[in-house]
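Right, here's the structure in full:
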């Protein structure tokens, strides 16, 4: 049976340390993101340089995603997380020199992107080792809830810090958050089955990972759904800004707050009403994806702020349900020696497509209206949900 958030944090010391370390790291990342975009635009006043900032974060993920998983599965997950956190903490400090040479930002972005590609699958593999399978839903729901909360706090405080203090202060905070996260992880006691897989040749191991993904229908389908939202979600983030400024004539912070609140509530609902029953999780995942598409379409077609807030709130509640279920299902169905390859491919492709989608949507907005682009993408989201539900009710997503 599932447990409450407080019980999981009190009884599972390893998860407790990983959770608090990551909470600080996520908060630092939000400070960093707000400060970075403000900094780049203030010294270049170029939308192209902003786009290049996003591309420098996404392209390495796209290019390296086929190989990262093989690295993660060959070494200690704990050592990987400590190494990447410490290295990221040092790298973030190089942004302090970017005022002298803007190219430093793009080089540092590329390096941080690669390290994040390695850290995330190592973290998910560690969660599978330190959390009981019956508690996966609770652990992933809690992680999604705090991410939603930090998106509200981090974006708000990041903006305040950037305006009231030097931008460099946000970079220092993010650097410190990585070092603290590394300290928490160092003090974890990972079970002995955090094993390394060095027996196979590197490329043979990678090939085996992709064969495994292609032959495991539930994992392949989850990854394809993630790819679809990577394409849709990047455009959505850009459209959110446009709708705030040009349609609703309001501050983007209001919509970000609504988005964060919706994600939090959706994640809470997962823990309250969805147990570790795999069939129930798959069914709810499909219906939540459908509702996400419907409310996304409602948001796109709205021209009044109150309607936009309501539809966005409902859409993000559905998103808050989807995220922890997606992670839980992948953890549940993936063999331990494949989890690095599966999660690295899933996260890297999804993350890079989000950024690339934002970039290309910016170009499409020169020739198409935001309503047309948004309506097409919302329809695609609904169509993808129909495919998932069709496969589920036909029994094709069984273990």
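In my numbering, the protein residues as written are 176 to 574.
We treat Cβ as the ideally placed atom computed from N, Cα and C, and that holds for glycine.
Return helix, strand or coil for residue i, following the three-state DSSP convention.
i, result
"residue 298", "helix"
"residue 273", "coil"
"residue 452", "coil"
"residue 544", "coil"
"residue 570", "coil"
"residue 478", "coil"
"residue 146", "Coverage of the chain is limited to positions 176 through 574, which leaves residue 146 absent and any answer about it impossible."
"residue 491", "helix"
"residue 251", "coil"
"residue 460", "helix"
"residue 364", "coil"
"residue 343", "helix"
"residue 207", "helix"
"residue 512", "helix"
"residue 424", "coil"
"residue 178", "coil"
"residue 187", "coil"
"residue 217", "helix"
"residue 391", "coil"
"residue 433", "helix"
"residue 307", "coil"
Whole angstroms is fine: what's the gap from residue i's alpha carbon to residue j's?
i, j, result
"residue 347", "residue 272", "12 Å"
"residue 429", "residue 479", "14 Å"
"residue 298", "residue 404", "22 Å"
"residue 542", "residue 535", "12 Å"
"residue 500", "residue 279", "38 Å"
"residue 564", "residue 322", "28 Å"
"residue 557", "residue 455", "20 Å"
"residue 466", "residue 505", "22 Å"
"residue 391", "residue 408", "25 Å"
"residue 450", "residue 498", "15 Å"
"residue 472", "residue 261", "42 Å"
"residue 531", "residue 288", "14 Å"
"residue 212", "residue 218", "10 Å"
"residue 180", "residue 547", "42 Å"
"residue 399", "residue 552", "15 Å"
"residue 482", "residue 549", "16 Å"
"residue 220", "residue 282", "20 Å"
"residue 234", "residue 562", "29 Å"
Using the rule of at least 16 other Cβ atoms within 10 Å of the residue's Cβ for burial, across every protein chain shown, is residue i buried or exposed?
i, result
"residue 522", "buried"
"residue 575", "One cannot answer for residue 575 here, as it falls past the ends of the chain, which runs 176 to 574."
"residue 569", "exposed"
"residue 264", "buried"
"residue 389", "exposed"
"residue 573", "exposed"
"residue 359", "buried"
"residue 207", "buried"
"residue 204", "buried"
"residue 238", "exposed"
"residue 411", "buried"
"residue 308", "exposed"
"residue 571", "exposed"
"residue 510", "exposed"
"residue 190", "buried"
"residue 252", "buried"
"residue 341", "exposed"
Am I right that residue i and residue j are in contact with their C-beta atoms under 8 Å? What's the rounded C-beta distance?
i, j, result
"residue 225", "residue 215", "6 Å"
"residue 292", "residue 243", "5 Å"
"residue 517", "residue 394", "6 Å"
"residue 441", "residue 495", "2 Å"
"residue 352", "residue 519", "With 8 Å as the limit, residue 352 and residue 519 do not qualify as a contact, their Cβ atoms being about 23 Å apart."
"residue 284", "residue 232", "5 Å"
"residue 327", "residue 435", "4 Å"
"residue 313", "residue 183", "5 Å"
"residue 257", "residue 357", "5 Å"
I'd like to know if residue i contacts chain D, where contact means its C-beta is closer than 8 Å to some C-beta of that chain.
i, result
"residue 425", "In the structure shown, chain D does not exist; there is a single protein chain."
Please indicate yes or no: does the CB of residue i lie closer than 7 Å to some heavy atom of the ligand ATP?
i, result
"residue 179", "With respect to the ligand ATP, the structure shown offers nothing to examine, as it has no ligands at all."
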